[in-house]
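Asker: Basically the working numbering = 1-based index in the sequence shown + 3. Okay, handing you the structure first.
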Amino acid sequence: AAPAGLGPLPQEAVEPLGTVVLVGRQQLQLLRLGGRLLLVSLAPGAVQTVAEISDPAEVEHLLALCRRQRPDSATAAFRQLLEQAASQPASGFVGAARPAARGGR
């Protein structure tokens with residue numbers, strides 16, 4: 004149990020970004036910790052930091068890659084809208100009826 008008065012960490016402090024399963028029950032997890040990224044190896048009974056990424060450009064690049072894969076991301080939402088639009092017939096220009104001419108010309 005957590006000590007009294009301690010609550011969960013806010014997402015701004017620690018954010019899990021993704022996981023990849025290696026062999027058996029071993030996996031790697033990428034975590035954002037403040038302005039750094041940590042690549043952590045998780046195995047039964049063992050947790051070990053594999054790499055720490057602190058270069059701002061590399062952090063931003065990896066964050067963007069991970070976040071655009073999320074179903075609630077703006078990129079995913081935009082992709083879904085484009086797919087919906089592509090599956091619907093376009094209306095308007097091709098085959099549109101012309102308005103009636105005015106003035107009896």
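C-beta atoms are modelled at their ideal positions from N, C-alpha and C, and glycine is treated no differently.
On the CB-based measure, 16 or more other CB atoms within 10 Å of its CB, does Leu40 come out buried or exposed?
Answerer: Leu40 should be labelled buried.
Asker: If we ignore side chains and look at the alpha-carbon of each, how far apart do Phe16 and Gly37 end up?
Answerer: A small fix is needed here, since residue 16 is Ala in this sequence, not Phe. Rounded to the nearest angstrom, the two C-alpha atoms are 5 Å apart.
Asker: For Arg39, write down the residues that DSSP places opposite it in a beta bridge.
Answerer: In the DSSP output, where bridge partners are listed per residue, Arg39 has Leu36.
Asker: DSSP state of Val26, grouped into three classes?
Answerer: In this structure, Val26 counts as coil in the three-state DSSP scheme.
Asker: Here's the rule: buried if 16 or more other CB atoms are within 10 angstroms of the residue's CB, otherwise exposed. What is Arg71?
Answerer: Arg71 should be labelled exposed.
Asker: Is the Cβ-Cβ distance between Leu42 and Leu33 less than 9 Å?
Answerer: In contact: Leu42 and Leu33 (Cβ atoms closer than 9 Å).
Asker: Ignore the nearest five residues each way along the sequence and tell me which others in Ile58's own chain have a CB closer than 7 Å to its CB.
Answerer: The displayed chain sequence assigns Asp, not Ile, to residue 58. Closer than 7 Å at the Cβ level, and outside the excluded window around Asp58, lies no residue.
Asker: Helix, strand or coil: which one does DSSP assign to Ala67?
Answerer: Three-state result, Ala67: helix.
Asker: Looking only at its chain, what residues have a beta carbon closer than 6 Å to the beta carbon of Arg28, apart from the 5 residues adjacent to it on each side?
Answerer: Same-chain partners within the cutoff: Pro47.
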